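Per our numbering, the very first residue in the sequence shown carries number 1158; after that it's consecutive.
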Amino acid sequence: MQFVAAERAEILESGGHYVLKEWEDEWGVVVGTSGAGLDLAIPSQPESGTLPDSWLSFFTDQRERFTGVVVSQQVHGRKIITHPRASDGIVVAEPADGHVTAVRGLLLAITVADCVPVFILDPERVAVGLVHVGWRGLAAGIMESAIAAMKALGAKPASLVIHCGVSICGSCYEVGPEVMSEATGRRSSAPGPLDIRAEVVAMARKSGVRRASISPWCTAHDLRRFHSHRRSGGSKSRMAAYIGLPLG
1158 MQFVAAERAE ILESGGHYVL KEWEDEWGVV VGTSGAGLDL AIPSQPESGT
1208 LPDSWLSFFT DQRERFTGVV VSQQVHGRKI ITHPRASDGI VVAEPADGHV
1258 TAVRGLLLAI TVADCVPVFI LDPERVAVGL VHVGWRGLAA GIMESAIAAM
1308 KALGAKPASL VIHCGVSICG SCYEVGPEVM SEATGRRSSA PGPLDIRAEV
1358 VAMARKSGVR RASISPWCTA HDLRRFHSHR RSGGSKSRMA AYIGLPLG
């Protein structure tokens, strides 16, 4: 498997977004994660017309390249939604932990504050996906579900490129033995560090993915830059990770 150098994986652009510039330069795909300057948490029972004003601010910056953005309430499972057409404006889809599409003009989004946003691209089929991966989703098989959804769009695992975005690093995320065993399938008798990003990459490798990168940023290291549920002691503030094929 080929890895992009971590220090080149993401750069900070104006507006406080951490942008995967290499994907945009090489394939014309918009990929990024908002910083702590915006709180993009969504209500527990959201509707498309009742999201906080911060979402309007977020989408305004994308209006020239996308007709709509889709987001869901996370459920920490393995459900992936396939979107066959672009929406108009901000749409809150049914609860799910991932989205895939092959249409232009639709920005896929998820909310994160330690869990891993996994960006997926097939540059040959020109299809994209975005998955919210925490330890529960990892245990439930969310990545397997996402790769299956991409394959249903015509993608081939060997053509896929993935990026594990801004999230908590393994050294900052200690879990109990029960969680470690459930998330990784490896037996554990004591608490220890869980690197979800490394687990995602290992799973992708087994599925035939040949190119991956991991963000150099950790949400728990710097609360001035990021929202971190664990480091903050339970804050409900969230960032948005997003990916999309812009209008031509």
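Beta carbons are placed, not taken as given, at the ideal position from N, Cα and C, and that holds for glycine.
Computed from a predicted model, the values in this text were never measured in an experiment.
Pick helix, strand or coil for arginine 1368, following the three-state DSSP scheme.
-> Arginine 1368: strand per DSSP, three-state reduction.
First and last residue of the uninterrupted alpha helix (DSSP H) at proline 1334 | From DSSP, the alpha helix (DSSP H) with proline 1334 extends over 1334-1341.
Confirm, please, whether the CB-CB distance from threonine 1268 to threonine 1239 is below 8 Å.
-> No, the Cβ-Cβ distance between threonine 1239 and threonine 1268 is not below 8 Å.
How would you label alanine 1347, buried or exposed, when you count the other beta carbons within 10 angstroms and need 16 or more for buried?
-> Exposed, by the Cβ-count rule.
Within its chain, find whatever has a CB closer than 8 Å to the CB of lysine 1236; leave out the 5 residues flanking it on each side and keep chain order.
-> Around lysine 1236: Pro1252, Ala1253, Asp1254, Gly1255, Ser1302.
So, is serine 1328 buried or exposed, given that buried needs 16 or more other C-beta atoms within 10 angstroms?
-> For serine 1328, the number of other beta carbons within 10 angstroms of its own is below 16, and it is reported as exposed.
Locate the alpha helix (DSSP H) running through threonine 1217, then write down its first and last residues.
-> Per DSSP, the unbroken alpha helix (DSSP H) holding threonine 1217 starts and ends at 1210-1217.
Evaluate glutamate 1179 with the Cβ neighbour count: other Cβ atoms within 10 Å of its Cβ, from every protein chain shown; 16 or more gives buried, anything less gives exposed.
-> Around the beta carbon of glutamate 1179, 16 or more other beta carbons lie within 10 angstroms, which makes this residue buried.
Using beta-carbon positions only, say whether leucine 1310 and alanine 1284 come within less than 8 Å of one another.
-> A contact, by the Cβ cut-off of 8 Å.
Going by beta carbon distance, what residues of the same chain come within less than 6 Å of valine 1188, once the five residues before and after it are set aside?
-> Taken in chain order, the residues that qualify are Leu1177, Trp1180, Phe1276, Ile1400.
For leucine 1380, collect the residues of the same chain with a Cβ closer than 8 Å to its Cβ; drop the 5 residues on either side in sequence, then sort them by chain order.
-> Hits under 8 Å: Ala1193, Arg1388, Ser1389.
So, helix, strand or coil for glycine 1349, using DSSP?
-> Glycine 1349: strand per DSSP, three-state reduction.
Please report how far the alpha carbon of valine 1290 lies from the alpha carbon of methionine 1337, in whole angstroms.
-> Between valine 1290 and methionine 1337, the C-alpha separation is close to 15 Å.
Proline 1280 by DSSP, collapsed to three states: which one?
-> The answer is coil: DSSP assigns proline 1280 none of H, G, I, E or B.
Pairwise C-alpha distance: arginine 1220 and proline 1209 | Roughly 17 Å separates the two Cα atoms.
From the DSSP output, in three-state form, read off serine 1324 for me.
-> DSSP places serine 1324 in strand when its eight states are reduced to three.
Just list the alpha helix (DSSP H) runs in the segment 1242-1326, keeping only unbroken ones of 4 residues or longer that don't cross its boundaries, in chain order.
-> The alpha helix (DSSP H) runs lying completely inside the segment 1242-1326 and spanning 4 residues or more are 1292-1297, 1299-1309, given in chain order.
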